[in-house]
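Trainee:
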Amino acid sequence: MGDDNIGVITEDCYYRDQHDMAMEERVKVNYDHPNLIDHDLLFHHLQLLKAGKSIDLFQYDYTQHIRKRETIFSA
Numbered sequence: 010m011g012d013d014n015i016g017v018i019t020e021d022c023y024y025r026d027q028h029d030m031a032m033e034e035r036v037k038v039n040y041d042h043p044n045l046i047d048h049d050l051l052f053h054h055l056q057l058l059k060a061g062k063s064i065d066l067f068q069y070d071y072t073q074h075i076r077k078r079e080t081i082f083s084a
């Protein structure tokens, strides 16, 4: 992105994937709880971006409560 540019990464991209749970269980999860955010992955991605590398950023599907992987942010 360069020294004169900034980017915004929403923490919503780091909700933990719930694909291994039945939908009936996914809808019961408290998505406001901090443990639902994968902060380790967020920190790792920030380190990669700082080093000038690209990341595969997840797009969270709120209807299915799962992550969708796509490269939507490149350094």
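Residue numbers for the sequence shown, in the working numbering: 10 to 84.
For each residue, glycine too, the CB sits at the ideal point set by N, CA and C.
Note that the coordinates shown come from a computational prediction; the quantities given were computed from them, not determined experimentally.
1. Output the distance between the C-alpha atoms of residue 14 and residue 58, rounded to the nearest integer angstrom.
2. Which same chain residues, not among the five before or five after residue 46, have their C-beta less than 8 angstroms away from its C-beta?
3. Just curious, the alpha helix (DSSP H) that residue 49 is in, first and last residue?
4. Between the C-alpha atoms of residue 38 and residue 27, what's the straight-line distance to the nearest angstrom?
5. Applying the criterion that 16 or more other CB atoms from any shown protein chain within 10 Å of the CB defines a buried residue, is residue 74 buried or exposed?
6. Could you work out which residue in 61, 63, 62 and 78 is closest to residue 69 when comparing CA atoms only?
7. What first and last residue would you give for the alpha helix (DSSP H) that runs through residue 20?
Mentor: The short version:
1. Here residue 14 corresponds to residue number 5 of the sequence shown, with the count starting at 1. Here residue 58 corresponds to residue number 49 of the sequence shown, with the count starting at 1. Computed Cα separation, rounded: 13 angstroms.
2. Here residue 46 corresponds to residue number 37 of the sequence shown, with the count starting at 1. Counting only Cβ-Cβ distances below 8 angstroms, and skipping sequence neighbours, we find 20, 23, 24 and 25.
3. The residue you call residue 49 lines up with position 40 of the sequence shown. Note, residue 49: alpha helix (DSSP H), 48 to 59.
4. On the sequence shown, residue 38 is found 29 positions in, with the first residue counted as 1. On the sequence shown, residue 27 is found 18 positions in, with the first residue counted as 1. Looking at the two C-alpha atoms, the distance is approximately 9 angstroms.
5. If you number the sequence shown from 1, residue 74 lands on position 65. That one is buried.
6. Taking the sequence shown and counting its residues from 1, one reaches residue 69 at position 60. Checked all of 61, 63, 62 and 78; the closest Cα to residue 69 is 78.
7. Locating residue 20 in the sequence shown gives position 11, counting from the first residue. Segment: none, residue 20 is in no alpha helix (DSSP H) and carries neither H nor E.
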